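Participant: Before we start, here is the structure in question, set down as structure tokens.
There are 2 protein chains.
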Amino acid sequence: MSAPAVANEVNVARAQGVWAPAVTPLNPDLTIDTAGAIAHVRNLLQAGSHGVVLFGTTGEATSFSVEERMELLAALLDSGVPARRLLVGTGCTALPDTLRLTRQAVDSDCLGVLMLPPYYYKNVSDEGLYASYAEVIDRIGSSDLRIYFYHFPRLSMVPITHAAIERLLKAYPDTIQGLKDSSGDAESCTAFIRSFPELAVFPGTETLLLQMLRLGGVGTITATANINMTAIRSLYDTWLEGNEESAVERQEAITAVRSAIQTYPMIPALKTVISEQHGKPEWCNVRPPLTALPEGDRNKLFGALRAAGFETMTRRT
Amino acid sequence: MSAPAVANEVNVARAQGVWAPAVTPLNPDLTIDTAGAIAHVRNLLQAGSHGVVLFGTTGEATSFSVEERMELLAALLDSGVPARRLLVGTGCTALPDTLRLTRQAVDSDCLGVLMLPPYYYKNVSDEGLYASYAEVIDRIGSSDLRIYFYHFPRLSMVPITHAAIERLLKAYPDTIQGLKDSSGDAESCTAFIRSFPELAVFPGTETLLLQMLRLGGVGTITATANINMTAIRSLYDTWLEGNEESAVERQEAITAVRSAIQTYPMIPALKTVISEQHGKPEWCNVRPPLTALPEGDRNKLFGALRAAGFETMTRRT
Chain A
1 MSAPAVANEV NVARAQGVWA PAVTPLNPDL TIDTAGAIAH VRNLLQAGSH
51 GVVLFGTTGE ATSFSVEERM ELLAALLDSG VPARRLLVGT GCTALPDTLR
101 LTRQAVDSDC LGVLMLPPYY YKNVSDEGLY ASYAEVIDRI GSSDLRIYFY
151 HFPRLSMVPI THAAIERLLK AYPDTIQGLK DSSGDAESCT AFIRSFPELA
201 VFPGTETLLL QMLRLGGVGT ITATANINMT AIRSLYDTWL EGNEESAVER
251 QEAITAVRSA IQTYPMIPAL KTVISEQHGK PEWCNVRPPL TALPEGDRNK
301 LFGALRAAGF ETMTRRT
Chain B
1001 MSAPAVANEV NVARAQGVWA PAVTPLNPDL TIDTAGAIAH VRNLLQAGSH
1051 GVVLFGTTGE ATSFSVEERM ELLAALLDSG VPARRLLVGT GCTALPDTLR
1101 LTRQAVDSDC LGVLMLPPYY YKNVSDEGLY ASYAEVIDRI GSSDLRIYFY
1151 HFPRLSMVPI THAAIERLLK AYPDTIQGLK DSSGDAESCT AFIRSFPELA
1201 VFPGTETLLL QMLRLGGVGT ITATANINMT AIRSLYDTWL EGNEESAVER
1251 QEAITAVRSA IQTYPMIPAL KTVISEQHGK PEWCNVRPPL TALPEGDRNK
1301 LFGALRAAGF ETMTRRT
């Protein structure tokens, strides 16, 4: 399957398909490698990504200041990456930070924002969760705002509850567009799809892609797409074509690759693979509290990926 | 016992005694009420607080932008609050944010910083935890930096491990000064005190004050000090004077007050009490995801406090 060119992609009003939450390359002093980040996003789009999430968990969003995040988005757009193929992670613990990032995304005509709830305080009430989003929506005050909930209970520790979604959908039906379910749990994702047919629901792992497409899910936003985009996209396309047998085979193949990588810490592992593909050791840099994959794990990871049928370990540049 | 005047307090090189992590009053639009915050900090010091933590969990630190936090510290210092009686919460998820806040505290000659680890990623390795603090210390590069670890596993979900402390103490013996243990767990606090006699260890609740003073703890940094400062301070002074019997009685009294308040969400409950004391409804404002105490709980809380012997519900201003 040939990868579609960036410029030929059709704009869609709502995100769907296979989206990559881009990892963020760093210079040796741990500042963002802007040119490297732009190149990586363009590579992902050329490899078939329907769109890219800028500053999700995989992109180490919370490890960057608001200024760093705004500068990278501006640079990406200046470089010609289409705003309608970007979802921007904007949910911070502090309301003014969330507002600044969200305003930039809206003013730049990005397709939407993928919004974590404030994630420091725990045991948040449905009322508090509702207020967290409502306060942002009211203060942004724009009909162009499009919110995708970011449900990642294992990291945010603040689940997006059905009760809060119901209330927000009722109050802001045009603003609330979708949800990424990063629980990794098929039951959780199924419940979101069944309870909220008006939302675009994405499982946060491609291991659930085919199962959730059958139930009404719209695609996947998955970390592994940073290295295995073409294969994941091909499953999506095969399913669209109605080729069930081929879809099942492709699901097994991409699940095998995911299984190989996810025994390692995901972000350092992804960066290590890309580092190898590009022959650039600095691609391994991460900000604390993350740590680079130990040298001893590097070849083990590559071996496991090859054994799983992953074929793109060769250098691309 | 008469409360010491702000100006007469002796500067100490290391924090000890009873410290209040100040709650942060908000205007109706949820911006910080700067004049109200200054007045509250001065009230705490006049009520006997050895010092004040600016922007701890109780102060809704993570709900404010870096700019908001820097502006309030500057305003407090401009108002004449002594820098040596302030510990400043500076630990953020993003290294540049932690650096900006920490630099301001160091440049302002604050007694130290109370530093959360980066708290978005979970299951952080000892290596990652070490790197998170080491990166800040190396980049600040000042012998005036004094770090107090902020161990609050129930909220940060990133415990400060003994292994990381050992390594940081070895690498930066003059920088690492103390630890606040907000686990609420006597065993945890005892282990910190016994393992690290070189650190000033504060339990994060006054219910453990006497028990930990006996073991070598240096005081407490506790949310309840926002409303019950004088009583908590009097236990500390009584213990210093060696009056064991009176200390036990005072411990029971302050524990009863704590028990009454902690069946409610702590921050909204504290703000509600202060609102009542000052006759200012706006003192109840909190930023999402927190929510104000429901009207129906207000009188129940006041009743429980009075039943516990809390005597300062009368208006102070």
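Those protein sequence lines, which keep their order, are chains A and B.
Residue numbers for the first sequence follow our numbering, beginning at 1 and rising by one.
Residue numbers for the second sequence follow our numbering, beginning at 1001 and rising by one.
Think of the CB as a built atom: it goes at the ideal place given N, C-alpha and C, for glycine as much as any other residue.
Quantities reported herein were computed from a predicted structural model and do not represent experimental measurements.
(1) For Thr1058/B, does the three-state DSSP call read helix, strand or coil?
(2) Residues in its own chain within less than 6 Å of Asn8/A by CB, not counting five upstream and five downstream?
(3) In three-state DSSP terms, what is Ile1160/B?
(4) Taking C-beta pairs closer than 8 Å, name the residues in chain A that Gly1128/B reaches, listed in chain order.
(5) Using a C-beta cutoff of 8 Å, does Pro28/A count as contacting chain B?
(6) Which term fits Asn243/A, buried or exposed, when burial requires 16 or more other beta carbons within 10 angstroms of its beta carbon?
(7) Can you list the residues of chain B that Glu135/A reaches, using a CB-CB cut of under 9 Å?
(8) Name, in chain order, the residues that DSSP records as bridge partners for Val113/A.
(9) Alpha carbon to alpha carbon, how far is Leu1129/B from Thr1161/B? Give it in angstroms, no decimals.
(10) Contact defined as beta carbons within less than 8 Å: I believe Leu1076/B pairs with Leu1054/B. What is the distance between those atoms, to the nearest angstrom?
(11) Is the Cβ-Cβ distance between Leu155/A and Thr190/A less than 8 Å?
(12) Over the uninterrupted beta strand (DSSP E) stretch that includes Trp239/A, give me the two end residues.
(13) Quick one: measure Cβ to Cβ for Ser234/A and Gly204/A, integer angstroms, because I've assumed they're closer than 8 Å.
(14) Taking Ala22/A and Gly59/A to be in contact with their CB atoms under 8 Å, please state how far apart those CB atoms are, rounded to whole angstroms.
(15) I want to see whether chain A comes within less than 8 Å of Lys1122/B, judged by CB atoms only; does it?
(16) Output, in chain order, the set of chain B residues within a Cβ distance shorter than 8 Å of Phe64/A.
(17) Compare the Cα-Cα distances from Val1286/B to each of Glu67/A, Glu127/A, Val81/A, Arg306/A and report the closest residue.
(18) State the Cα-Cα distance for the pair Leu1305/B and Ile38/A, rounded to the nearest angstrom.
(19) Quick one, which residues of the region 147-180 of chain A are near chain B if we go by CB-CB under 9 Å, in chain order?
(20) In angstroms, rounded to a whole number, what distance separates the CA positions of Tyr1264/B and Val1113/B?
(21) Quick one: any contact between the region 245-265 of chain A and the region 1102-1118 of chain B, if contact means 3 or more CB pairs under 8 Å?
(22) How big is the Cα-Cα spacing for Gly1178/B and Ala1020/B?
(23) Closer than 7 Å, Cβ to any Cβ of chain A: which residues of the region 1067-1090 of chain B, in chain order?
(24) Under 9 Å Cβ-Cβ, which residues of chain B neighbour Pro268/A?
(25) Within 8 Å of any Cβ in chain A, is that where the Cβ of Lys1300/B sits?
(26) What separation, rounded to the nearest whole angstrom, lies between the Cα atoms of Pro289/A and Ala83/A?
(27) Going along the region 1205-1225 of chain B in order, which residues come within less than 9 Å of chain A, judged by CB to CB distance?
(28) Can you tell me whether Pro1096/B is buried or exposed, with buried defined as 16 or more other CB within 10 angstroms of its CB?
(29) What residues from the region 250-265 of chain A come within 7 Å of chain B, judged by C-beta to C-beta, listed N to C?
Facilitator: Quick answer:
(1) coil
(2) Confidence in Asn8/A is poor, its pLDDT being 38 and thus under 50, which makes the residue's placement unreliable; the coordinate value appears in the next sentence. Once the five neighbours on either side are set aside, Asn8/A has no close Cβ partner at all.
(3) coil
(4) Pro288, Pro289, Leu290, Thr291
(5) no
(6) exposed
(7) Leu1030, Arg1287, Pro1288
(8) Val88/A, Ile147/A
(9) 8 Å
(10) 7 Å
(11) no
(12) No beta strand (DSSP E) holds Trp239/A; the alpha helix (DSSP H) holding it covers 225-240.
(13) In fact, because the Cβ distance is near 20 Å, the residues do not count as touching under 8 Å.
(14) 5 Å
(15) yes
(16) Ala1094, Pro1096
(17) Glu127/A
(18) 58 Å
(19) Arg154, Leu155, Ser156, Met157, Val158
(20) 28 Å
(21) no
(22) 16 Å
(23) Glu1068
(24) Per Cβ cutoff of 9 Å: no residues; Pro268/A is ~10 Å from chain B at best.
(25) no
(26) 31 Å
(27) none
(28) buried
(29) none
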